Amino acid sequence: MKEALPDPRHRIGIRLVGLARRWRQALDARLSASGLSDATWAPLMHLHELGSDNDVSQSTLAAAVGLDGSSLVRLLDILVERGLIERRPHPEDRRVKLVHLTPAGRRTVAALRKQLQAIESELLADIGEQDALAMLRAFERIEARIAAQ
116 MKEALPDPRH RIGIRLVGLA RRWRQALDAR LSASGLSDAT WAPLMHLHEL
166 GSDNDVSQST LAAAVGLDGS SLVRLLDILV ERGLIERRPH PEDRRVKLVH
216 LTPAGRRTVA ALRKQLQAIE SELLADIGEQ DALAMLRAFE RIEARIAAQ
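The sequence shown: position 131 = 246 (the numbering used here), numbered continuously.
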């Protein structure tokens, strides 16, 4: 009697977690020359995506990066010291701190984007456009299911 093959969907989670860890390690190794680690370049990229010319609240940025507020504050302190971001109070709510990229931060993000595109092109060299689109659609469905829970 032939044994049934396990449902491949039951392997996706663990593979995705491992891949994400190795992906970040690969990016970190390549981007370390810029003086930024994943912990510091990721908030810059998220800040850019959320609105590079607009102020973003620290809580919005923390949610995007996946950190609690106090952990993000320590990283933002480093980015402020390096002149890459500025923080300012919200004009209507003193409890809220707003963050935005400085001109140096925008230049750093532009350089990072070029580096990330080159790295991603290399890592995904044998993945065709249709396969990439299918993966992105699958990720979107998974994200939507998680968000609905």
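Just so you know, even glycine gets a beta-carbon here, dropped at the ideal spot from N, CA and C. If you're wondering where the values come from, they're calculated on a predicted model, not measured in any experiment.
| said: Would leucine 182 and leucine 216 be called neighbours here (beta carbons separated by less than 7 Å)? | reply: no
| field | CB contact flag (proline 158, valine 180, <7 Å) | value | yes
| What residue range is occupied by the uninterrupted alpha helix (DSSP H) comprising arginine 124? | 124-146
| Is it true that the CB of isoleucine 193 sits closer than 7 Å to the CB of threonine 223? | no
| request: Count the other C-beta atoms from every protein chain shown that fall within 10 angstroms of the C-beta of leucine 142, then say buried if there are 16 or more, exposed otherwise. | output: buried
| Segment contact, 8 Å Cβ cut-off, at least three pairs: the stretch 221-235 with the stretch 133-147 | yes
| request: Return the residue from the list Trp138, Leu239, Asp168 and Arg197 that minimises the CA-CA distance to glycine 150. | output: Arg197
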